[in-house]
Amino acid sequence: MLTVHGSSGCSGSDGNGHHGLAGSCVPRPCEAYFRFVTTPGAEPTNNLAEQALRFVVIDRRMTQGTRGEAGRQWCERFWTVRATCAQQGRSVFDSLHAAVTAHFAGQPAPSLLPA
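Mapping to the numbering used here: the sequence shown position 64 is 64, numbers consecutive.
Next up, the structure:
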């Protein structure tokens, strides 16, 4: 069971108001952090918006980002296509293939909006 000590919610004080890492510092409403354990149907995951952006964070971490404006714009557009296709259950490859084919045929890019 997680317990919270002291008025500030931190344990491990050295008496001078300094709190070391030995104690845990958890805000008062700590029950909310573990609500998924006691509440049926509550999931221990982040909200949908954070989940949708997770691959962007991982990609930026692994690739070290970009150095120029053109690279940033390309990444923004690709990540948008990837997230939209994932939400709609569509193939990212098929969407990009259709966009590139349309570009070289001089036609407008296909829409990412659901039909």
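For each residue, glycine too, the CB sits at the ideal point set by N, CA and C.
Based on Cα-Cα distance, which residue from the options lies nearest to residue i?
{"i": "G89", "options": "L113, A32 and V57", "result": "L113"}
{"i": "F78", "options": "G65, T63, E69 and V92", "result": "V92"}
{"i": "L96", "options": "E43, V81 and E50", "result": "V81"}
{"i": "H68", "options": "T101, A52 and E76", "result": "Rather than His, the amino acid found at residue 68 in this sequence is Gly. Answer by Cα proximity: E76."}
{"i": "Q87", "options": "A52, R35 and T39", "result": "A52"}
{"i": "R72", "options": "C85, V56 and A42", "result": "V56"}
Please state the DSSP three-state secondary structure of residue i.
{"i": "T66", "result": "coil"}
{"i": "G71", "result": "helix"}
{"i": "Q107", "result": "coil"}
{"i": "S91", "result": "coil"}
{"i": "L96", "result": "helix"}
{"i": "A83", "result": "helix"}
{"i": "Q115", "result": "Sequence inspection shows Ala at residue 115; the Gln mentioned does not correspond to that position. DSSP places A115 in coil when its eight states are reduced to three."}
query = Where in the segment 30-62 do unbroken runs of the alpha helix (DSSP H), each at least 4 residues long, occur, reported from the N-terminal end onward?
reply = Complete alpha helix (DSSP H) runs here, min 4: 35-38.
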